[in-house]
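Chemist: In this note's numbering, the protein residues as written are 3 to 363.
1. Quick one: give me the first and last residue of the alpha helix (DSSP H) that residue 138 is part of.
2. Over the uninterrupted alpha helix (DSSP H) stretch that includes residue 97, give me the two end residues.
3. Give me, in chain order, the residues of the same chain whose beta-carbon lies closer than 6 Å to that of residue 348; leave out the 5 immediate sequence neighbours on both sides.
4. How should residue 105 be labelled, buried or exposed, when 16 other C-beta atoms within 10 angstroms of its C-beta is the threshold for buried?
5. Quick check on residue 211: does DSSP put it in helix, strand or coil?
6. Where does residue 244 fall in DSSP's three states?
7. Could you tell me if residue 335 is buried or exposed, where buried requires 16 or more neighbouring beta carbons within 10 angstroms of its beta carbon?
8. Residue 25 by DSSP, collapsed to three states: which one?
9. DSSP has residue 321 in a bridge; who is on the other side?
10. Using the Cα positions of residue 199 and residue 343, report the straight-line distance between them to the nearest angstrom.
11. Look up residue 261 in the DSSP assignment and say whether it is helix, strand or coil.
12. Enumerate, from N- to C-terminal direction, the unbroken beta strand (DSSP E) stretches of 3 or more residues contained entirely within the region 168–200.
13. For residue 227, collect the residues of the same chain with a Cβ closer than 6 Å to its Cβ; drop the 5 residues on either side in sequence, then sort them by chain order.
14. If you pair each beta-carbon of the region 266–280 with each one of the region 213–231, do three or more pairs fall below 8 Å?
15. Between 155, 133, 176, which lies nearest to residue 213 when the distance is taken from Cα to Cα?
16. For residue 140, I'd like the list of residues in its chain whose CB is within less than 8 Å of its CB, leaving aside the five on either flank, ordered along the chain.
17. So, at 6 Å on beta carbons, what are the nonlocal neighbours of residue 46 in its own chain, with the 5 sequence-adjacent residues on each side left out?
18. Return the Cβ separation of residue 230 and residue 265 in integer angstroms, given the expectation that the two are a contact with Cβ distance under 8 Å.
19. What does the alpha-carbon distance come out to for the pair residue 232 and residue 130?
20. Which residue's Cα is closest to the Cα of residue 259: 294, 300, 362?
21. Any contact between the region 60–69 and the region 89–104? By contact I mean 3 or more CB pairs, one from each, below 8 Å.
22. From the DSSP output, in three-state form, read off residue 108 for me.
23. May I ask you to report which of helix, strand or coil DSSP gives residue 59?
24. Please classify residue 23 as buried or exposed, where buried requires at least 16 other C-beta atoms within 10 Å of its C-beta.
25. For residue 176, count neighbouring Cβ atoms within 10 angstroms of its own Cβ and tell me buried if that reaches 16, exposed if not.
26. Starting from residue 69, trace the beta strand (DSSP E) both ways and give me its first and last residue.
27. Does the beta-carbon of residue 295 have 16 or more other beta-carbons within 10 angstroms, so that it is buried, or is it exposed?
28. To which residues of the same chain is residue 244 closer than 6 Å at the C-beta, ignoring the five residues directly before and after it?
29. Could you give the residue range of the beta strand (DSSP E) that holds residue 83?
30. If we ignore side chains and look at the alpha-carbon of each, how far apart do residue 16 and residue 219 end up?
31. With H, G and I counted as helix, E and B as strand and the rest as coil, what does DSSP make of residue 315?
32. My output table needs one value for residue 127: the three-state DSSP class, helix, strand or coil.
33. For residue 65, which residues of its own chain have a beta-carbon under 6 Å away from its beta-carbon, when the five flanking residues on both sides are left out?
34. Who does residue 357 pair with in a DSSP beta bridge?
35. Quick one: grab the DSSP three-state call for residue 268.
36. Can you list, in chain order, the residues of its chain whose CB lies under 6 Å from that of residue 316, leaving out five sequence neighbours each side?
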């Protein structure tokens with residue numbers, strides 16, 4: 003009965019206006035799933051192998067249903083790899099519900115380091131993953147078919163040792179603003195870099211400002227990035243360091259935010275360390291991204307209801323969900339990207355089929 007309910011939810015999602023069955027295009031397909039301020043991104047290689055990065059909230063299996071619906075749209079019979087960035091409920095909470103309705107092959111995480119508040123979620127994850135679990139370290143790779151390279155750039159312990167994607171010395175580290183470290187889970191977490199032909203992407207979950215600086219100072223180890231899923235759902239008090247963003251030079255940014263989480267949100271716990279000596283920077287999260295040299299597009303999962311100023315949100319055509327979270331008929335639209343080996347990638351808003359094509363620099 004439970005599986006039938008999930009199948010019905012998937013059928014409803016596929017019936018939404020502007021949504022069609024996925025076709026084998028020979029491209030890497032990426033889906034940013036609406037988990038309303040949690041995180042969940044599905045990657046499907048040109049050969050059909052899949053990787054899911056995080057599983058959203060528990061919330062009566064709401065996010066498990068949404069992930070399952072997108073997996074059905076992508077034509078998946080199973081999810082080959084699931085990477086859990088860390089043990090917070092908005093990143094691992096949807097896993098128990100998802101595991102009941104679709105087979106999951108392998109599981110990856112940062113290891114058993116955990117705060118007491120998150121221990122039950124870790125224990126539940128370990129029960130589901132069983133012997134198919136692997137704790138990854140920076141420098142590890144995950145094999146995804148069709149020429150898609152997935153590398154772990156940060157996990158518990160040191161960040162990657164050698165630069166990738168043309169990285170090198172970073173002059174932006176001089177007098178860069180610094181922040182007090184975040185809570186342990188946002189420091190331990192898994193972050194990924196993906197390459198497909200000329201296309202380069204990074205997605206770092208909730209990685210905090212202090213760990214970002216380890217990745218890019220004094221050497222930018224991430225190199226340049228074409229497509230970046232911004233950290234912490236766009237809440238950039240404690241992430242999105244100018245030294246990081248200026249070094250990786252993203253062409254396109256996707257903000258997997260909720261209507262009242264992430265973009266526009268401020269965190270009073272964040273304390274500047276060297277404010278008297280640091281180079282000034284743009285404090286508004288959206289404007290910090292919009293002012294980046296070479297930025298070509300910013301896409302949002304939700305319009306921010308925390309800061310709904312049109313100047314602090316992207317073009318409405320590039321926002322997947324315009325409703326507040328309390329609306330009963332929330333459609334849970336997603337954002338997709340179709341990536342060719344030549345580096346051309348097209349980002350599409352499932353709400354209105356608006357799309358833009360970019361060429362990797």
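Ideal placement from N, C-alpha and C gives every residue a C-beta, glycine not left out.
Modeler: On the basis of the supplied data:
1. Here residue 138 belongs to no alpha helix (DSSP H), and DSSP marks it neither H nor E.
2. Per DSSP, the continuous alpha helix (DSSP H) segment holding residue 97 begins and ends at 97–101.
3. 340, 357, 359
4. exposed
5. Per DSSP, reduced to three states, the secondary structure at residue 211 is helical.
6. Three-state DSSP puts residue 244 in a helix.
7. The residue is buried, with at least 16 neighbouring Cβ atoms inside 10 Å.
8. Residue confidence is low: residue 25 scores 44 on pLDDT, short of 50, so the model does not pin down where it sits. No coordinate-derived value is stated.
9. 302
10. 4 Å
11. coil
12. 193–198
13. 202, 204, 250, 252.
14. no
15. 155
16. 154, 155, 156, 157, 159, 160, 161, 162, 163
17. 31, 52, 76
18. With 8 Å as the limit, residue 230 and residue 265 do not qualify as a contact, their Cβ atoms being about 14 Å apart.
19. 29 Å
20. It is 300.
21. yes
22. strand
23. coil
24. Caution applies to residue 23, whose pLDDT of 36 falls short of 50 and renders its modelled position unreliable; the value that the coordinates give is listed next. So residue 23 counts as exposed.
25. exposed
26. Where residue 69 is concerned, there is no enclosing beta strand (DSSP E), although the alpha helix (DSSP H) around it starts and stops at 64–75.
27. The residue is exposed, with fewer than 16 neighbouring Cβ atoms inside 10 Å.
28. 283
29. 80–85
30. Note that residue 16 has pLDDT 42, beneath the 50 cutoff, so the model's placement of it is unreliable and no number is given.
31. coil
32. helix
33. 37, 58, 59, 96
34. 350
35. coil
36. Cβ neighbours of residue 316 beyond the five flanking positions: 300, 302.
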